[in-house]
Each structure stands twice: as C-alpha cells, then as structure tokens.
Amino acid sequence: MPIDKEWVLNKMNAIIYNRFGTNIGPGEPRLITEISDDKEKQYWLVPLEVDYPRIIEDRMTGTRRYIVFHLGKLSEVKFDADQGKPLELPERTLLSAIVKRELMQIRERVEKLMVRTASYNLAKLVSLKHMMSPLSNLITSSLRREAYVLPDMASMRRQHIQKYVDLLVDRKFVVHEKDVIEPSPTLWELFQARNDYSYAIECVLKDIIENAYEILYDKYNIRVLHPYIEISSSYYDYALSAQELVALSTEDLWEAYSGLYMAFSERRRFRFDDYLRELSQQDVDILEETEKGAWKGNKTIFDKMRQDFPIQGQTGIITV
Amino acid sequence: MTASAHMVLNYLHGKFPFSSPPPSFDDFREILPSSDILLGTPPNKIRDYLKRIEQIGGNLRIRHLKGHDISTLELRIRQNTPPIALFDLMYYHTRSPLSRSSHATVVVGYTDEVLYANNPVYGPKYPYVKERFKEAWERRGMKYILITPKESLVRYISTT
Numbered sequence: 001m002p003i004d005k006e007w008v009l010n011k012m013n014a015i016i017y018n019r020f021g022t023n024i025g026p027g028e029p030r031l032i033t034e035i036s037d038d039k040e041k042q043y044w045l046v047p048l049e050v051d052y053p054r055i056i057e058d059r060m061t062g063t064r065r066y067i068v069f070h071l072g073k074l075s076e077v078k079f080d081a082d083q084g085k086p087l088e089l090p091e092r093t094l095l096s097a098i099v100k101r102e103l104m105q106i107r108e109r110v111e112k113l114m115v116r117t118a119s120y121n122l123a124k125l126v127s128l129k130h131m132m133s134p135l136s137n138l139i140t141s142s143l144r145r146e147a148y149v150l151p152d153m154a155s156m157r158r159q160h161i162q163k164y165v166d167l168l169v170d171r172k173f174v175v176h177e178k179d180v181i182e183p184s185p186t187l188w189e190l191f192q193a194r195n196d197y198s199y200a201i202e203c204v205l206k207d208i209i210e211n212a213y214e215i216l217y218d219k220y221n222i223r224v225l226h227p228y229i230e231i232s233s234s235y236y237d238y239a240l241s242a243q244e245l246v247a248l249s250t251e252d253l254w255e256a257y258s259g260l261y262m263a264f265s266e267r268r269r270f271r272f273d274d275y276l277r278e279l280s281q282q283d284v285d286i287l288e289e290t291e292k293g294a295w296k297g298n299k300t301i302f303d304k305m306r307q308d309f310p311i312q313g314q315t316g317i318i319t320v
Numbered sequence: 321m322t323a324s325a326h327m328v329l330n331y332l333h334g335k336f337p338f339s340s341p342p343p344s345f346d347d348f349r350e351i352l353p354s355s356d357i358l359l360g361t362p363p364n365k366i367r368d369y370l371k372r373i374e375q376i377g378g379n380l381r382i383r384h385l386k387g388h389d390i391s392t393l394e395l396r397i398r399q400n401t402p403p404i405a406l407f408d409l410m411y412y413h414t415r416s417p418l419s420r421s422s423h424a425t426v427v428v429g430y431t432d433e434v435l436y437a438n439n440p441v442y443g444p445k446y447p448y449v450k451e452r453f454k455e456a457w458e459r460r461g462m463k464y465i466l467i468t469p470k471e472s473l474v475r476y477i478s479t480t
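In the order they appear, the protein sequences are chains A and B.
Under our numbering, the first residue of the first sequence is numbered 1, with each subsequent residue one higher.
Under our numbering, the first residue of the second sequence is numbered 321, with each subsequent residue one higher.
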C-alpha cells in the first residue's frame with residue numbers, strides 16, 4: 001500500500017517550511033506507476049507552486065492593495081510512495097531563477113504593450129527629439145529639397161548620420177540611392193496631412209518606437225528612450241495589476257522601477273525626478289503629477305492597455 | 321515573515337532591552353539572500369537570520385509550534401509573547417482555494433470576536449474575525465512561531 005496523499009502533502013509542507021519559503025506551496029499530488037526491470041513501482045509527484053505578492057498603496061485614497069500573482073508550477077518533487085522519501089529536491093536557486101523568469105516575462109509583455117500603446121506620446125519627449133536631431137534634420141531636409149545630397153562617405157558628418165539614414169531606409173521613410181535620399185510616398189503623405197514638419201517627424205518617431213524599438217536599441221545603439229520606457233512601464237505594470245489607475249508616490253514608483261528592472265544606482269536615482277517631469281509634460285502626458293505629489297497614469301493609455309492585457313495568473317486583490 | 325520577525329524584535333527590545341537596539345528593517349533585510357524576495361523566507365531560517373545580527377545573536381529562542389485552537393494564540397498574547405501566525409491570507413479575504421502561499425502576521429491582541437494583528441500590509445492593529453482566521457490558519461497547518469529571549473537573559477534582566 002502506498003503512503004496516503006495527506007502524508008505526502010504534510011511532508012512537502014514541512015520541506016517548504018524548512019527550505020523553500022512562504023511564497024511556495026504544494027499543488028495537487030499525483031500517484032504514478034513506473035515499470036523498471038519488470039517491476040512496478042509507485043511514486044507521488046507533488047508540484048511546487050508559487051504565489052508572488054505585491055503591495056500597492058494609492059497615495060490619493062490611502063488604500064492599500066495586496067495582490068497575489070499565482071505563477072503556477074515551478075518544479076515537482078518525486079516521492080517514493082512506499083517509504084515516503086523525496087527522491088530529489090530542487091535547488092532553491094533554481095526555483096528563484098524560474099520565478100524571476102516568469103516575472104520578467106510579465107514585465108516584458110507590459111513593456112511591449114506600453115511601447116505600442118504610448119508610442120506617439122513617447123515620440124513627443126524633448127530628450128528623444130534632441131538625441132534624434134540628425135534624424136529630424138534628414139527628414140526636414142529631404143522634404144524641403146525633395147532630394148537631399150548626403151555628405152561625402154569619408155566625412156565625419158556622414159559617419160555620424162549614416163545610422164539614421166539606414167534607419168529611415170529600413171522603415172521605408174526615405175529612398176536612398178548613391179549619396180542622395182528622397183522622401184518616400186509614406187513620408188510625403190505624413191507631411192501633407194498637416195503640412196507640418198514637426199508632425200511628420202513625430203509620426204516617424206512614433207513608427208520607429210512602435211515597430212523598431214528593439215532595433216533602435218540593439219542595432220543603432222540609440223538608448224535615450226530606455227529609462228522613459230522602463231519607468232512608464234513600471235507604473236503601468238503596477239496599475240494593471242491593481243486593475244486601476246493608482247496614484248503612486250515618487251518613492252513607491254522608484255521602488256517599482258528599481259525592483260522590476262534591477263535599476264538600483266545613484267545615477268539613475270539622481271535623474272529619476274527629471275524623467276518623471278518629462279513624462280508628465282503636457283504633450284507627452286504618459287504620467288500626471290497629482291496634487292498630493294503622487295504619480296498617476298493616462299486614462300486613455302491605461303484603458304487601451306487593459307483591453308489588450310487580460311490579467312493572467314492573478315489569484316486576487318485585497319483592498320484595505 | 322521577516323517583517324513579522326522584525327516587529328517581534330522591536331517588541332522584545334521594549335520589554336527586555338538588548339545591549340543595543342535591533343537594526344532597522346532595511347538593515348535587517350540586507351541579511352536576507354536575494355532569493356527570499358522571490359520565494360519568501362523559509363520560516364525555519366529565521367533563527368539563522370537572527371543569529372547574524374550581532375547585538376542579539378544567540379540571545380533569542382525561536383520555537384516553531386502548532387496550535388490547536390485560537391485559544392493557543394490568545395494564551396501567548398496573555399503571556400506577553402506575541403505569536404507569528406502563518407495563514408492563508410487570500411483565503412481569509414476571498415475564500416479562494418487557489419492561493420498557495422503563507423502569510424505571516426504578528427498577533428498582538430484579541431476580543432471575543434476578533435484577533436488584532438500587527439500586519440506589515442494593513443497596519444499595527446488590524447482586526448481578523450476569529451472564525452474566518454481559524455479556517456485560514458488551519459489551511460496552513462495552524463503553525464506559529466514564538467521568538468522569546470533565552471531564559472538566562474530573562475533571568476539576568478529581571479535581577480538587574
């Protein structure tokens with residue numbers, strides 16, 4: 001007779017208590033039979049499941065939310081069903097690496113969604129426009145002159161702007177032949193819609209952020225946007241898990257950002273207030289500073305993200 | 321778990337002063353391995369963590385116990401040894417059977433209807449309805465932890 005399920009569960013609970021941690025619990029055990037050397041042997045398989053908690057305080061209302069993400073099975077422990085001995089226990093470092101990976105996947109999904117949803121808002125960031133001024137120059141010059149002759153290939157100037165030329169060609173905003181670039185029909189359309197160079201530039205930036213952000217980062221080494229995306233995404237990650245546009249204090253938002261992105265650094269903390277200021281500028285409008293000095297998101301962005309991001313694996317929210 | 325242990329440390333320092341005050345919670349957290357943030361602290365490791373704090377190392381007794389009823393927790397409160405109870409918080413609030421984690425809370429008082437807990441999430445005197453708390457506590461094996469000064473220390477302090 002194999003040992004009973006209750007016994008295995010108690011044993012698993014004791015192991016978790018001693019070795020793994022309070023966020024872990026046993027799932028439903030399964031009794032299996034394996035045949036080896038013509039002998040049948042029974043085993044209990046007990047899944048190790050994890051709940052990851054998050055506490056969010058709304059600074060405007062003073063309410064606290066305790067959110068639990070049920071991330072599901074991390075691993076499994078096999079018990080000899082005759083003697084009740086665990087055959088092999090997973091390393092704690094392995095379990096924590098799996099939780100980290102799961103959380104990172106959620107973070108990446110939120111980030112991609114945020115980039116897609118708020119790309120036009122991000123395109124209005126002054127710092128981005130400043131960093132991408134060669135790209136703006138190329139757009140303006142090619143539209144004004146209809147055909148813009150690039151500087152000589154050997155020149156420093158050309159080497160500096162070449163990556164922006166490549167990016168515009170990649171995204172099909174200009175046509176490049178020898179040393180000349182011309183606006184593509186798409187770029188003409190964008191410009192003619194409002195007869196406004198700034199609008200055309202913002203639309204190009206929006207497209208690049210939305211569709212080529214990773215290329216921008218990896219291939220062109222243009223990383224100016226990175227902290228803005230991470231900080232905004234941290235806010236919307238928390239808001240989505242709370243299922244509400246919560247108002248986070250600067251400190252709580254910093255904690256969220258530094259925790260989600262492992263971004264603990266004096267330099268980042270020093271610049272954090274300024275990033276928030278830029279993200280809340282009137283045109284950008286990704287965050288808004290409330291009267292109590294807390295940060296709230298943009299309802300249109302949040303509602304759109306919420307539609308496209310059904311909460312998965314979340315066990316529940318307790319509001320106090 | 322660690323927040324609850326830290327609360328008990330502060331409580332004990334008020335009753336039986338250590339040679340120097342316990343560390344701040346942020347300093348206490350520095351002791352923990354990073355995996356505790358993701359997996360939670362294994363309750364059985366609390367003794368090791370407390371030992372690492374120089375000023376209290378070795379002066380505390382940590383007991384892992386199992387209650388049989390809410391009256392067990394009430395007795396500990398009357399004995400001035402606030403217990404850290406491990407229970408299913410999500411089940412307490414939502415009756416959801418999906419939750420797997422254990423939540424630790426320091427039980428600090430009681431009435432006929434409720435237990436008061438110093439809860440890291442909800443604040444210093446959060447009322448839990450006894451009957452529901454019992455069910456949520458049962459789901460985690462009615463376990464609780466007592467952190468008390470070692471007998472010798474209590475005797476030493478009471479004679480000085």
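Note that the Cβ used here is the ideal one computed from N, Cα and C, for glycine as well.
Rank the options by C-alpha distance to the C-alpha of residue i and give the top, closest one.
{"i": "A:V110", "options": "A:E230, A:E34, A:N195", "result": "A:E230"}
{"i": "A:I181", "options": "A:P53, A:L135, A:K304", "result": "A:L135"}
{"i": "A:P26", "options": "A:V50, A:V246, A:E34", "result": "A:V50"}
{"i": "A:K100", "options": "A:M262, A:I317, A:M305, A:L167", "result": "A:M262"}
{"i": "A:L94", "options": "B:L418, B:L332, B:S355", "result": "B:S355"}
{"i": "A:Y66", "options": "B:D368, B:G387, B:D389, B:H423", "result": "B:H423"}
{"i": "A:D285", "options": "A:R269, A:M153, A:T117", "result": "A:T117"}
{"i": "A:L122", "options": "A:T290, A:E6, A:V204, A:Y238", "result": "A:V204"}
{"i": "A:M60", "options": "A:R144, A:S234, A:T290, A:Y120", "result": "A:T290"}
{"i": "B:V426", "options": "B:F453, B:S419, B:F336, B:F338", "result": "B:F453"}
{"i": "A:H130", "options": "A:Q192, A:V224, A:R54", "result": "A:V224"}
{"i": "A:P2", "options": "A:T33, A:Q282, A:E177", "result": "A:T33"}
{"i": "A:V77", "options": "A:L89, A:S133, A:F69, A:K85", "result": "A:L89"}
{"i": "A:V175", "options": "A:L150, A:L31, A:R157", "result": "A:L150"}
{"i": "A:L87", "options": "A:Y52, A:D58, A:L45", "result": "A:L45"}
{"i": "B:M545", "options": "B:W457, B:L395, B:T468", "result": "Only positions 321 to 480 of chain B appear in the structure, and residue 545 of chain B is not among them; the question remains open."}
{"i": "A:K112", "options": "A:M132, A:S265, A:S233", "result": "A:S233"}
{"i": "A:V68", "options": "A:I55, A:L74, A:G62", "result": "A:I55"}
{"i": "B:I351", "options": "B:S339, B:Y369, B:R459, B:F336", "result": "B:Y369"}
{"i": "A:D308", "options": "A:Q243, A:I35, A:E177", "result": "A:Q243"}
For residue i and residue j, which I take to be in contact (beta-carbon distance under 8 Å), what is that distance rounded to the nearest angstrom?
{"i": "A:L48", "j": "A:I24", "result": "6 Å"}
{"i": "A:I318", "j": "B:H413", "result": "5 Å"}
{"i": "B:R279", "j": "B:T392", "result": "Within the shown structure, residues of chain B are numbered from 321 to 480, placing residue 279 of chain B beyond reach of any answer."}
{"i": "A:R64", "j": "A:D237", "result": "Rounded, the Cβ-Cβ distance is 17 Å, inconsistent with contact."}
{"i": "A:L71", "j": "A:E102", "result": "5 Å"}
{"i": "A:M114", "j": "A:M305", "result": "7 Å"}
Need the endpoints of the beta strand (DSSP E) that residue i sits in, please.
{"i": "A:Q83", "result": "Here A:Q83 belongs to no beta strand (DSSP E), and DSSP marks it neither H nor E."}
{"i": "B:K463", "result": "463-469"}
{"i": "B:N537", "result": "Because chain B here runs from 321 to 480, residue 537 of chain B falls outside it and cannot be looked at."}
{"i": "B:P343", "result": "First-last for B:P343: undefined, no H or E at that position."}
{"i": "A:S36", "result": "30-36"}
{"i": "A:V50", "result": "39-57"}
{"i": "B:T425", "result": "423-430"}
{"i": "A:G25", "result": "24-26"}
{"i": "A:V180", "result": "180-183"}
{"i": "A:H176", "result": "174-177"}
{"i": "B:K298", "result": "Past the edges of chain B, shown from 321 to 480, lies residue 298 of chain B, and the structure says nothing about it."}
{"i": "B:R381", "result": "380-386"}
Give the range of the alpha helix (DSSP H) segment to which residue i is assigned.
{"i": "A:Q307", "result": "299-308"}
{"i": "A:A242", "result": "226-242"}
{"i": "B:K454", "result": "450-458"}
{"i": "A:H372", "result": "Here chain A has residues from 1 to 320 only, and residue 372 of chain A is not among them."}
{"i": "A:E111", "result": "92-117"}
{"i": "A:F270", "result": "266-279"}
{"i": "A:L128", "result": "126-131"}
{"i": "A:E214", "result": "197-218"}
Three or more C-beta pairs below 8 Å linking the segment 447-457 of chain B and the segment 349-369 of chain B: The segment 447-457 of chain B makes no contact with the segment 349-369 of chain B, as fewer than three CB pairs between them are under 8 Å.
Any residues in the segment 336-362 of chain B with a beta carbon nearer than 7 Å to a beta carbon of chain A? Which ones, in chain order? Within the segment 336-362 of chain B, the residues whose Cβ lies closer than 7 Å to some Cβ of chain A are S355, D356, L358, L359, G360, T361, P362, listed in chain order.
Can we say the segment 396-415 of chain B touches the segment 459-469 of chain B, given the rule of at least three CB pairs closer than 8 Å? Short answer: they touch.
Is it the case that the segment 247-258 of chain A contacts the segment 202-213 of chain A, given that we only count it when at least three CB pairs across the two stretches are under 8 Å? Not touching, per the Cβ criterion.
Decide if the segment 293-306 of chain A is in contact with the segment 233-253 of chain A; the criterion is three or more beta carbon pairs, one per stretch, under 8 Å apart. Touching, yes, given that three or more Cβ pairs across the two stretches are closer than 8 Å.
Name the residues in the segment 84-109 of chain A whose C-beta lies less than 8 Å from a C-beta of chain B; which are they? Taking 8 Å as the cut-off between beta carbons, the residues of the segment 84-109 of chain A near chain B are R92, T93, L95, S96, V99, K100, L103, in sequence order.
Evaluate the contact criterion for the segment 39-47 of chain A versus the segment 78-96 of chain A: three or more CB pairs, one atom per stretch, below 8 Å. As far as the Cβ criterion goes, the segment 39-47 of chain A touches the segment 78-96 of chain A, which means the pair count is three or higher.
Contact between the segment 131-149 of chain A and the segment 342-349 of chain B (3+ Cβ pairs under 8 Å): Segments in contact, no.
Residues from the segment 52-65 of chain A in contact with chain B, defined by Cβ distance under 8 Å: Within the segment 52-65 of chain A, contact with chain B at the beta-carbon level (separation under 8 Å) is assigned to Y52, P53, I55, R64.
Check distances from the C-beta atoms of the segment 32-50 of chain A to those of chain B and list, in chain order, the residues that come in under 8 Å. Within the segment 32-50 of chain A, the residues whose Cβ lies closer than 8 Å to some Cβ of chain B are E49, V50, listed in chain order.
Could you name the residues of the segment 412-423 of chain B whose beta carbon sits closer than 9 Å to any beta carbon of chain A, in the order they occur along the chain? For the segment 412-423 of chain B, the beta-carbon criterion of a distance under 9 Å to any beta-carbon of chain A is satisfied by Y412, H413, T414, S416, L418, S419, R420, S421, S422, H423.
Given a limit of 7 Å on CB to CB distance, which residues of the segment 452-469 of chain B reach chain A? Listed in sequence order: G461.
Using Cβ-Cβ distances below 7 Å, what residues of the segment 368-389 of chain B are close to chain A? Against chain A - using a Cβ distance shorter than 7 Å - the segment 368-389 of chain B contributes no residues.
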